[in-house]
């Protein structure tokens with residue numbers, strides 16, 4: 149991996165310790181970031197839109213990007229708000245739709261920093277019983293009822309149905325339909341974090357979004373260009389009912405500053421309009437598929453159908469020991485407990501950041517660390 | 149004024165009704181937005197930093213921009229956090245340092261959307277007695293004491309000491325020193341919105357910031373490139389004590405998305421490093437001075453020494469009637485009540501958005517509207 153001389157602390161968010169293959173962060177490989185395309189996109193946006201690209205933008209985001217995103221979703225631009233990334237979108241939604249002390253329902257293994265955005269708002273996270281396919285039928289209703297009986301308010305359910313961070317699994321279409329029907333019956337809005345949508349490598353076709361399946365009511369969907377284009381743009385979007393889009397866009401912060409990332413939005417709009425985004429995405433999927441194949445093959449696990457992650461239970465259920473053995477073998481992985489107490493026996497490994505040969509090497513080391521004999525326990529050897 | 153074919157609703161935040169010279173919004177003239185310089189800056193940033201410009205950035209903002217801003221302030225980069233504009237900065241500060249229900253002290257005439265950011269957080273705004281030079285000595289202490297006696301918490305004082313929106317006045321150095329000493333004694337932190345700093349046309353030199361005068365403790369200063377470069381960048385910064393900078397930067401939202409506007413920050417960093425920003429600012433000051441001269445001259449009022457605004461009391465104290473007469477003459481101005489109840493008898497006019505000849509014309513119309521005989525009052529003509 150080489151991100152150039154500026155890939156260092158103080159410029160980028162996270163840098164691996166020397167000598168380590170860091171499978172921790174869910175980052176794109178620097179080699180996959182489209183530096184030249186984006187340079188052209190900014191030049192084109194400033195050339196085409198001129199000073200209109202540099203003034204205060206429409207609060208909901210500029211029409212060219214909202215129209216392009218709406219066309220892809222089969223809706224109209226009134227259903228789209230441009231954000232400064234999915235996490236800013238979640239922060240905005242939480243700030244608008246909740247009050248401190250409210251409860252948010254979430255899968256027991258969920259995106260750690262997403263949950264942090266919610267707990268920063270002083271929301272309480274309540275896990276909903278889930279299996280490999282997502283929340284089990286009836287669990288959302290039962291949990292919401294129990295919480296309400298205790299006098300607390302359920303603000304929404306925060307779900308990651310597509311190539312979920314951290315487990316990599318996707319809620320199938322049937323379970324999605326049941327889930328949105330159940331949420332509507334229970335009066336629980338859904339916030340659908342769809343950061344990995346579009347990153348399918350094989351397996352079943354990507355199911356429709358919860359937002360689409362719900363008839364575009366009762367579900368706020370968060371999208372982002374951080375996983376398909378570049379996180380440094382700080383650009384994403386929200387799909388929601390027009391009345392909610394308007395409400396998000398009338399925050400004082402938006403009235404003061406205009407659109408949340410106006411110039412970036414127009415730059416990416418030119419990429420969508422010219423077909424450059426779709427070409428990039430097709431290429432990116434191929435690159436990520438090769439990385440997944442190299443990693444999952446060397447590791448000897450079932451390959452996830454999309455996204456960035458392999459979720460890896462420790463054979464003996466001791467995730468901390470697995471992390472230690474992996475680190476001793478020069479491979480860093482994310483502590484499963486970051487994503488919920490249910491993750492204590494596992495680790496998360498991202499195959500998005502390194503080239504295939506390095507992932508094959510790291511996968512083989514991690515496989516060896518995984519099958520290494522458990523350390524002898526002092527207590528058990530003393531008798 | 150011409151902003152090109154894309155200067156229209158759906159792309160930009162606000163468009164004047166046809167046939168009207170709109171002196172309402174505090175926008176830069178489209179002709180003053182440095183389209184070519186910024187196109188070069190983005191190209192240079194992507195060329196120089198490569199993929200490091202497109203990944204998740206350091207949460208506090210990339211070192212090249214933080215170092216350049218710190219050097220200008222005479223501090224170190226640990227004192228600087230890069231934001232997505234002053235309003236995002238205020239939102240972040242309010243979200244970090246307050247609890248809903250807290251009280252914020254403010255000048256009786258203050259930035260309306262800044263106050264909206266605060267009331268969105270469910271903070272209560274309490275005006276502090278002020279004269280033309282800013283909060284009067286002792287008023288901050290007396291107000292804070294009264295609020296605390298009532299059992300409420302004073303979160304901070306939100307002040308705009310430099311070319312204040314909406315009145316255009318600057319708190320002089322002596323009053324600044326007294327103010328920071330008083331705030332420190334009263335235990336009231338200050339949030340200094342310094343959006344118009346650097347936009348001096350004549351008059352006394354710009355006093356040091358409250359942040360600098362306070363020894364860089366107890367004052368959080370908000371800066372922005374929206375008024376000196378381009379609002380569509382969504383780029384600003386915070387100057388504060390390192391411990392507060394670190395605290396702002398560990399919001400879940402920052403841990404999730406990294407720096408608040410990473411690529412824009414690196415683009416502007418190249419402008420600061422190459423001297424382009426200073427050259428632009430010198431040119432911009434000249435352009436804005438010419439606009440101010442044309443407007444204030446035609447209007448027949450004292451010229452403000454900096455910033456974007458002329459604050460215009462109605463001769464008969466009836467701001468609404470003045471706005472109506474101005475509108476009838478084809479000139480739109482901002483309702484003084486937007487900035488506080490104390491503004492009912494006045495209007496705010498921005499000289500930042502139009503070329504000098506149009507401002508001279510609008511200034512003359514507004515002067516005529518201002519001196520037009522008061523409408524005959526039905527009650528007074530009936531006797």
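Chains as they are written, first to last, in our numbering: chain A, 149 to 531; chain B, 149 to 531.
Beta carbons are placed, not taken as given, at the ideal position from N, Cα and C, and that holds for glycine.
Everything numeric in this text was worked out from a predicted model, so none of it was measured.
Residue j beta carbon less than 8 Å from that of residue i
{"i": "residue 389 of chain A", "j": "residue 365 of chain A", "result": "yes"}
{"i": "residue 172 of chain B", "j": "residue 457 of chain B", "result": "no"}
{"i": "residue 190 of chain B", "j": "residue 197 of chain A", "result": "no"}
{"i": "residue 478 of chain A", "j": "residue 167 of chain A", "result": "yes"}
{"i": "residue 453 of chain B", "j": "residue 348 of chain B", "result": "yes"}
{"i": "residue 556 of chain B", "j": "residue 383 of chain B", "result": "Past the edges of chain B, shown from 149 to 531, lies residue 556 of chain B, and the structure says nothing about it."}
{"i": "residue 238 of chain A", "j": "residue 262 of chain A", "result": "yes"}
{"i": "residue 161 of chain B", "j": "residue 401 of chain A", "result": "no"}
{"i": "residue 158 of chain B", "j": "residue 206 of chain A", "result": "yes"}
{"i": "residue 272 of chain B", "j": "residue 251 of chain B", "result": "yes"}
{"i": "residue 257 of chain B", "j": "residue 314 of chain B", "result": "yes"}
{"i": "residue 414 of chain A", "j": "residue 378 of chain B", "result": "no"}
Chain-ordered neighbours of residue i on chain B, where CB pairs are closer than 7 Å
{"i": "residue 211 of chain A", "result": "158, 159"}
{"i": "residue 410 of chain A", "result": "380, 382"}
Minimum Cβ-Cβ distance from residue i to chain A less than 8 Å
{"i": "residue 164 of chain B", "result": "no"}
{"i": "residue 206 of chain B", "result": "yes"}
{"i": "residue 241 of chain B", "result": "no"}
{"i": "residue 287 of chain B", "result": "no"}
{"i": "residue 525 of chain B", "result": "Low local confidence applies: a pLDDT of 46 at residue 525 of chain B is under 50, so the model's placement there is unreliable, and no value is given."}
{"i": "residue 488 of chain B", "result": "no"}
{"i": "residue 529 of chain B", "result": "Confidence in residue 529 of chain B is poor, its pLDDT being 39 and thus under 50, which makes the residue's placement unreliable; the coordinate value appears in the next sentence. No, because no Cβ of chain A sits closer than 8 Å to the Cβ of residue 529 of chain B."}
{"i": "residue 509 of chain B", "result": "no"}
{"i": "residue 459 of chain B", "result": "no"}
{"i": "residue 175 of chain B", "result": "yes"}
Minimum Cβ-Cβ distance from residue i to chain B less than 8 Å
{"i": "residue 149 of chain A", "result": "A caution first: residue 149 of chain A carries a pLDDT of 44, below 50, which makes its placement in the model too unreliable to give a value."}
{"i": "residue 441 of chain A", "result": "no"}
{"i": "residue 219 of chain A", "result": "no"}
{"i": "residue 178 of chain A", "result": "yes"}
{"i": "residue 313 of chain A", "result": "no"}
{"i": "residue 421 of chain A", "result": "no"}
{"i": "residue 265 of chain A", "result": "yes"}
{"i": "residue 232 of chain A", "result": "yes"}
{"i": "residue 261 of chain A", "result": "yes"}
{"i": "residue 248 of chain A", "result": "yes"}
{"i": "residue 549 of chain A", "result": "Absent from the model: residue 549 of chain A. The displayed extent of chain A is 149 to 531, so no value can be given."}
Interface partners of residue i on chain A, CB under 8 Å
{"i": "residue 229 of chain B", "result": "Within chain A, no residue comes near residue 229 of chain B; the closest Cβ sits about 13 Å away, beyond 8 Å."}
{"i": "residue 191 of chain B", "result": "187, 190, 191"}
{"i": "residue 504 of chain B", "result": "Within 8 Å Cβ-Cβ: nothing; residue 504 of chain B doesn't reach chain A, min ~18 Å."}
Counterpart residues of residue i in DSSP-defined beta bridges
{"i": "residue 229 of chain B", "result": "B:386"}
{"i": "residue 367 of chain B", "result": "B:338"}
{"i": "residue 273 of chain A", "result": "A:252"}
{"i": "residue 348 of chain A", "result": "A:454"}
{"i": "residue 283 of chain B", "result": "B:278"}
{"i": "residue 459 of chain B", "result": "B:496"}
{"i": "residue 372 of chain B", "result": "B:384"}
{"i": "residue 263 of chain A", "result": "According to DSSP, residue 263 of chain A bridges with nothing at all."}
Chain A residues whose Cβ lies nearer than 7 Å to that of residue i
{"i": "residue 236 of chain B", "result": "401, 405"}
{"i": "residue 499 of chain B", "result": "Within 7 Å Cβ-Cβ: nothing; residue 499 of chain B doesn't reach chain A, min ~17 Å."}
{"i": "residue 181 of chain B", "result": "199, 202, 203"}
Contact set between residue i and chain A, taken where Cβ atoms lie within less than 9 Å
{"i": "residue 154 of chain B", "result": "196, 197, 198, 199, 200, 201, 210, 212, 414"}
Chain B contact residues for residue i, given Cβ-Cβ distances below 8 Å
{"i": "residue 268 of chain A", "result": "243, 399, 400, 401"}
Closer than 7 Å: residue i CB and nearest the ligand ZN heavy atom
{"i": "residue 340 of chain B", "result": "Ligands are entirely absent from the displayed structure, and the ligand ZN is therefore not among its contents."}
(Q) Does the contact criterion of 3 or more C-beta pairs under 8 Å hold for the region 510–522 of chain B versus the region 445–463 of chain B? (A) By the Cβ criterion, the region 510–522 of chain B is in contact with the region 445–463 of chain B, since at least three pairs of Cβ atoms, one from each stretch, lie closer than 8 Å.
(Q) Can you confirm whether the region 304–318 of chain A touches the region 352–365 of chain A when touching is taken to mean that 3 or more C-beta pairs between the two stretches lie within less than 8 Å? (A) Touching, per the Cβ criterion.
(Q) Under 8 Å: do the region 217–236 of chain B and the region 238–257 of chain A share three or more Cβ pairs, one atom per stretch? (A) As far as the Cβ criterion goes, the region 217–236 of chain B does not touch the region 238–257 of chain A, which means the pair count is below three.
Q: Assess, as a yes-or-no matter, whether the region 424–440 of chain B is touched by the region 289–300 of chain B under the definition of 3 or more beta carbon pairs within less than 8 Å.
A: No, because fewer than three Cβ pairs between the region 289–300 of chain B and the region 424–440 of chain B fall closer than 8 Å, the two stretches do not touch.
Q.
Quick check: the region 274–287 of chain A against the region 326–338 of chain A, are at least 3 beta-carbon pairs closer than 8 Å?
A. Output reads yes: the region 274–287 of chain A touches the region 326–338 of chain A.
Q.
Does the contact criterion of 3 or more C-beta pairs under 8 Å hold for the region 484–491 of chain A versus the region 411–431 of chain A?
A. The region 484–491 of chain A vs the region 411–431 of chain A: no contact.
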